[in-house]
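If you read the sequence shown in our numbering, its first letter stands for residue 2, the second for the next number, and so on.
C-beta atoms are modelled at their ideal positions from N, C-alpha and C, and glycine is treated no differently.
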Amino acid sequence: MWSSSVTTGAELSIAGITAKTLAKEFGTPAFFIDEADFRERALAWDKALKDAFGLHAGTVYYASKAFICTEVARWIKEIGIGIDVSTGGEMAVALAGSIDPAKIEVHGNNKSLGEIEKAISVGVESIVIDSLYEIERVAAAAKKAGKVQAVLLRITPGIQAHTHESIATAHEDVKFGFSIASGAAWAAIAAVRTHPSLELRGIHAHIGSQIFGYKSFEILSERLISLLAQYRDEFKSELPELDLGGGYGIAYLPGDETVNPAEAMNALAAAVTKNCGAHKLQIPRVSIEPGRAIVGPTMFTLYEVGTVKDVTLENGTHRRYISVDGGMSDNIRPSLYGAEYTTILANRTSTAPHVSSRLVGKHCETGDIVIREIDLPDDIVPGDLLAVPATGAYGRSMASNYNHVPRPPVVAVKDGKARVIVRRETEADLLRLDI
Numbered sequence: 002m003w004s005s006s007v008t009t010g011a012e013l014s015i016a017g018i019t020a021k022t023l024a025k026e027f028g029t030p031a032f033f034i035d036e037a038d039f040r041e042r043a044l045a046w047d048k049a050l051k052d053a054f055g056l057h058a059g060t061v062y063y064a065s066k067a068f069i070c071t072e073v074a075r076w077i078k079e080i081g082i083g084i085d086v087s088t089g090g091e092m093a094v095a096l097a098g099s100i101d102p103a104k105i106e107v108h109g110n111n112k113s114l115g116e117i118e119k120a121i122s123v124g125v126e127s128i129v130i131d132s133l134y135e136i137e138r139v140a141a142a143a144k145k146a147g148k149v150q151a152v153l154l155r156i157t158p159g160i161q162a163h164t165h166e167s168i169a170t171a172h173e174d175v176k177f178g179f180s181i182a183s184g185a186a187w188a189a190i191a192a193v194r195t196h197p198s199l200e201l202r203g204i205h206a207h208i209g210s211q212i213f214g215y216k217s218f219e220i221l222s223e224r225l226i227s228l229l230a231q232y233r234d235e236f237k238s239e240l241p242e243l244d245l246g247g248g249y250g251i252a253y254l255p256g257d258e259t260v261n262p263a264e265a266m267n268a269l270a271a272a273v274t275k276n277c278g279a280h281k282l283q284i285p286r287v288s289i290e291p292g293r294a295i296v297g298p299t300m301f302t303l304y305e306v307g308t309v310k311d312v313t314l315e316n317g318t319h320r321r322y323i324s325v326d327g328g329m330s331d332n333i334r335p336s337l338y339g340a341e342y343t344t345i346l347a348n349r350t351s352t353a354p355h356v357s358s359r360l361v362g363k364h365c366e367t368g369d370i371v372i373r374e375i376d377l378p379d380d381i382v383p384g385d386l387l388a389v390p391a392t393g394a395y396g397r398s399m400a401s402n403y404n405h406v407p408r409p410p411v412v413a414v415k416d417g418k419a420r421v422i423v424r425r426e427t428e429a430d431l432l433r434l435d436i
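Structural data, given as structure tokens:
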């Protein structure tokens, strides 16, 4: 839930710097990312993949959609893992951070022609194709560039993952990929093979996000490897790559479970080995996309309390509304997905009794709720600091300027030092695009 260098004793601190010091220097609201913890998590997934698959280990792809900026892209380059991008903007940031294009995997269900041409021109590792139209577009762009582009096909395996509907991506009624059940996957394979400018390297699937347990991945490997066997039987050759996605879950609340990288990869390797053996296939090069599991727990959001208000409900009970200086513009997930978070008083210790509270933002919206129900100290007052953990994934990346609120900065903290890696927006930034 918290990154490894966060302590939550008398006052919250990260890498030895207290919340009050951070708030004084960088203001609130603000995102604070634990650089050492980020690197440790990325390396743990990379090691787990290599230990489990050995010579068959492919690439760990960092999810740029979770959070990316130029500095984080530099960390990824130094760590040596890959990155997946789903828009031209994400690709631009990856390239600005000097990530080798040969480590970039391009996703997206509706890539523009410009995005496709850019990806091919810089030499990305692979493009994950998502529709029959895209097969033609990528083939034409590669032919125009005089290149043979490596591609994967995104497959819809028909798995109902146990997660929120909006972040489940592998059942049939979804916008992503080619369905196995309907025959679309096989039609896509046949279509790719008609283009000399495309090299079909393998297949890809992603069952969703915030996934716990390994059963879904075992079913996924079984269905994709069956498709690989069908390909082998039809074309007398084997596809060399298999990307099994990821989207492994993280802890948001006290007591939540987490996914251990070594356990997850050992389970995946066992399933892949078993199914390849059953079909007498060579084990392909296996890649994964851990998703929020790298960046999610490495970051927290620090808010300042602005107002405290008690409300009497119709049934005679009371609820305390604690308003902070951020809200749905820096964390839309509670409103969008019903995502749950926790928070702690970050600037001091309180021995006051706890009261039923609702943590809300400053926006002109009833649904601007950060935490719907939580017990917090009765003596919280304006000026207190509240820290919300595990906001590294989809907090800043989904942030908006609703109500024309400038987006918060991202501050990297390591070895007792803090530095801004994404600056706070200003009102001048909000006006800059107006004509």
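| Check | Outcome |
| --- | --- |
| Residue interval of the alpha helix (DSSP H) (run including G115) | 114 to 123 |
| Proximity test, Cβ basis, 8 Å: L360 and chain E | Absent from the structure: chain E. Only one protein chain is present. |
| Bounding residues of the alpha helix (DSSP H) (the contiguous stretch that carries K25) | 20 to 27 |
| Segment contact flag, the segment 300 to 312 with the segment 220 to 230, C-beta cutoff 8 Å, min 3 pairs | no |
| CB-CB length for S210 against A143, believed under 8 Å | Actually they are not in contact, since the Cβ atoms of S210 and A143 sit about 30 Å apart, beyond 8 Å. |
| Rounded distance between the beta-carbons of G246 and H207, thought under 8 Å | 3 Å |
| Of the residues D326, I84, F213, the one placed nearest A252, counting alpha carbons only | F213 |
| From V382, Y338, T350, residue whose alpha carbon lies closest to that of D369 | Y338 |
| G288, enclosing beta strand (DSSP E) - first and last residue | Looking at the sequence shown, residue 288 is not Gly but Ser. Note, S288: beta strand (DSSP E), 286 to 290. |
| Inter-residue Cα distance where the pair is L360 and T392 | 15 Å |
| For V325, the residue or residues it bridges with in DSSP | V306 |
| Close beta carbons around Y322, own chain, < 7 Å, minus the five adjacent residues each side | K310, V312, R359, V361 |
| Inter-stretch contact (C-beta, 8 Å, three-pair minimum) for the segment 27 to 35 and the segment 289 to 307 | yes |
| Any 3 or more C-beta pairs closer than 8 Å across the segment 186 to 204 and the segment 145 to 157 | yes |
| Option in F218, D52, L229, E200 with minimal Cα separation from I181 | L229 |
| Host alpha helix (DSSP H) of A67 (start-end) | A67 -> no alpha helix (DSSP H), and no H or E assigned at all. |
| Nearest candidate by alpha-carbon position, reference S1, set G250, R233, S238, A185 | This structure leaves residue 1 out entirely; the chain is present only between 2 and 436. |
| P102 to V125 span [Cα, whole Å] | 5 Å |
| Nearest-angstrom beta carbon gap, I34 and V414 [assumed within contact, 8 Å] | 7 Å |
| Contacting residues, own chain, Cβ-Cβ under 7 Å from T71 (five flanking each side not counted) | V94, A97, G98 |
| Alpha-carbon spacing of S401 relative to P390, whole angstroms | 20 Å |
| Beta-carbon spacing of V61, V86 below 8 Å | no |
| Cβ-Cβ separation, S6 to A20 (assumed contact under 8 Å), whole Å | With a Cβ gap of about 13 Å, A20 and S6 do not count as contacting. |
| Span of the beta strand (DSSP E) around G90 | Counting along the chain, G90 falls outside any beta strand (DSSP E), though it belongs to the alpha helix (DSSP H) covering 89 to 97. |
| Backbone CA spacing between R420 and A37 [nearest angstrom] | 14 Å |
| Inside the segment 322 to 369 only - beta strand (DSSP E) runs reaching at least 3 residues | 355 to 361 |
| Within 8 Å, strictly: CB atoms of D257 and G203 | no |
| Limits of the alpha helix (DSSP H) - the one that D38 falls within | 36 to 54 |
| Any alpha helix (DSSP H) of 4 or more consecutive residues that is wholly inside the segment 198 to 278 | 216 to 236 |
| Residue nearest to T9 in terms of C-alpha spacing, selected from G327, T344, P285 | T344 |
| Nearest-angstrom Cα separation, counted from A263 out to V287 | 15 Å |
| In DSSP terms, what G83 is bridged to | Y62 |
| Residues that V423 bridges to, as DSSP identifies them | V411 |
| F39 beta carbon less than 8 Å from that of I295 | yes |
| Classification of V73 by the beta-carbon crowding that lies within 10 angstroms, buried from 16 upward | buried |
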